[in-house]
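Take a look at the structure below.
Protein chains in written order, with the numbering used here: chain A, 207 to 462; chain B, 529 to 657.
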C-alpha cells in the first residue's frame, strides 16, 4: 500500500469513527436499564384538596389532636417561643380570615380554626423561590425539597398565610429522639419547612395523618373529580377559603 | 560551565527534596491501603444494583432517587434485573444496612468525605443527645 497522505487520512478518519462508536456502545451498555415508576398503591389526583368542618374541630384541644398526629409523623420539633415550627396549628377567626366583624355570633367568635399550608393553585412561595426548592407537583401539592433549600426565607415573606416556619436552630435539639418517626427525616438548621399534604403517605396509599385522626371532620380528596368526597361535602355545605382576594386559590376549605 | 551560587542552590534542592519526600519516608514500611471491611446485611445477598455499581455510583443513584421521589412522584425503582424497590434512603437502604457506623462511615472516613445525608435523615441506630 502506498504511504500517501490520502491513505493516511482515510485510515485516521476510520480509526476515529471506530473509537467513537465503540465508546458510545460501551457507555450505552454501562448505563443500567433501570427505571423509576409510581407505586400502584399510590393515591392519585389532579388536584388534592381538604375540607375542614370547623363545627367539629373548632377548639384548641381538637386541633391539638391533629397537630400531635402530624408533628409526630413528620418529626416536627416543639420549640418554646416565637421560633416554633408548625405544620398545622390553631388560630381565631380574625387571624384566619380577612373578614373582621365587630358583632359576630358567639360561637364563631370563640371558635378556633385549624390552619395549615393551603397548597394554593397559584402559589406565591413557588414563584419567589430562587432555587426551586419549593415547587408545585402535578397533583397540586406544593412540596419542598429540603436538600435544595438555602434558607433565604423569600417563601416565608411571600406566603400570605404564615404557613412556613424557619429552623432558626437545630431542630433535633427540641425533638424527643426516642420517639422519632424513623420512616421520615428531620430537618436541619437553616431550612424552611411546612405541611406537605402527607405526600409520603399518599405514595403508600394512605390518607394524610391529620385526616386519619380527625374522625371524619377533615375530608381529603380530588377537587377535579365531581364525584369525589370533597366535592360532595363542598356541594352540601357553605365553605370559605382564607384570603381569596389575593388570588392564590387555596385548596383548603372551611365549613363555617 | 560554572554554577553560580552552587552551594546554596544544591543545599536548597536537598532541603526541598527532603521535605517533598517526607510523606514517602513517613509511610515507608507500613501496610498498603486496603478497602475497609464493611458489615454486610445478614438477610439480604443482593443490593438494588451490583456491588461494583453501588461502590462507584451510589451517590449518583441517590441523587436520581431524590429527584425521582420528590419531584416526579415516582417512588418505585425497577432495577436492571426488573426487581422493584421503594425509593427511600431510610426505608430501603437502611433497612438492610442497619448500621451507619459499620457501613457508611467506614469508607467515608477513609476517603475523607462528609456527606450531609445524616443532617436530616435518621440513621438506623437512632439518634442520641
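Note that beta-carbon positions come from the ideal geometry of N, C-alpha and C, so glycine has one too.
Review point. Along chain A, which residues have their Cβ under 7 Å away from the Cβ of residue 558(B)?
Key: Near residue 558(B) there are no residues of chain A at all, since even the closest Cβ is about 35 Å away, more than 7 Å.
Check your understanding: Per DSSP, residue 243(A) forms a beta bridge with which residues?
Key -> 604(B)
Practice item. Would you identify the three-state DSSP class for residue 362(A), choosing helix, strand or coil? Key: In the structure shown, residue 362(A) sits in a helix (DSSP, three-state: H, G or I).
Review point. Can you name the start and end residues of the alpha helix (DSSP H) that residue 587(B) belongs to?
Key: 579–598
Check your understanding: Would DSSP call residue 544(B) helix, strand or coil?
Key -> helix
Check your understanding: Among 645(B), 557(B), 626(B), which one has its Cα closest to the Cα of residue 354(A)?
Key -> 645(B)
Check your understanding: Going along the chain, which residues of its own chain have a beta-carbon closer than 7 Å to the beta-carbon of residue 273(A), five neighbours each way excluded?
Key -> 294, 295
Review point. If you follow the alpha helix (DSSP H) that residue 554(B) is part of, which residue opens it and which one closes it?
Key: 550–555
Review point. Does DSSP put residue 256(A) in a helix, in a strand, or in coil?
Key: strand
**Study point:** Straight-line gap, residue 556(B) to residue 239(A) (C-alpha atoms, nearest Å)
**Key:** When rounded, the separation of the alpha-carbon atoms in residue 556(B) and residue 239(A) is 45 Å.
Check your understanding: Considering residue 340(A), what are the terminal residues of the beta strand (DSSP E) in which it resides?
Key -> 340–342
Review point. From residue 229(A) to residue 346(A), what distance separates their C-alpha atoms?
Key: Computed Cα separation, rounded: 43 Å.
Point to revise | 8 Å Cβ cutoff met for residue 601(B) and residue 343(A) | key: yes
Check your understanding: Using a C-beta to C-beta distance shorter than 8 Å, which residues of chain C count as neighbours of residue 245(A)?
Key -> Among the protein chains of the structure shown, namely A and B, there is no chain C.
Check your understanding: Does the Cβ of residue 565(B) have 16 or more other Cβ atoms within 10 Å, making it buried, or fewer, making it exposed?
Key -> So residue 565(B) counts as exposed.
Point to revise | Partner residues on chain A for residue 649(B), Cβ-Cβ distance less than 9 Å | key: 391, 392
Review point. Whose Cβ in chain B lies nearer than 9 Å to the Cβ of residue 351(A)?
Key: The contacting residues are 594, 595, 598, 599.
Point to revise | Within-8 Å CB hit, residue 399(A) to chain B | key: no
Review point. Cα separation between residue 576(B) and residue 567(B)?
Key: 17 Å
Review point. Sorted by chain position, which residues of the same chain lie with C-beta nearer than 8 Å to residue 617(B)'s C-beta, five sequence neighbours on each side aside?
Key: 590, 593, 645, 649
Review point. Between the stretch 333–352 of chain A and chain B, which residues of the former have CB atoms less than 8 Å from a CB of the latter, in chain order?
Key: 341, 343, 344, 345, 349, 351, 352
Review point. Residue 459(A) bridges to which residues according to DSSP?
Key: 257(A)
Practice item. Using only alpha-carbon positions, find the residue among 367(A), 316(A), 441(A), 395(A) that is nearest to residue 261(A). Key: 316(A)
Review point. For chain B, is any of its Cβ atoms less than 8 Å away from the one on residue 215(A)?
Key: no
Point to revise | Proximity to residue 569(B) [Cα-Cα], best of 537(B), 552(B), 623(B) | key: Closest option to residue 569(B), Cα to Cα, is 623(B).
**Study point:** Per-residue DSSP class, three states only, for residue 295(A)
**Key:** strand
Review point. Which class does residue 321(A) belong to by DSSP, given the choice of helix, strand or coil?
Key: strand
Review point. Looking at the structure shown, is residue 349(A) part of a helix, part of a strand, or coil, going by DSSP?
Key: strand
Practice item. Give the interface partners of residue 249(A) over in chain B, defined as CB-CB distance under 8 Å, in chain order. Key: Those do not exist, as residue 249(A) stays about 11 Å from chain B at its closest Cβ, beyond 8 Å.
**Study point:** Short CB-CB distance (under 8 Å) between residue 429(A) and chain B
**Key:** no
Check your understanding: By DSSP, does residue 214(A) sit in helix, in strand, or in coil?
Key -> helix
Exercise for review: Out of 452(A), 357(A), 320(A), 329(A), point me to the one whose CA is closest to residue 259(A)'s CA.
Suggested key: 320(A)
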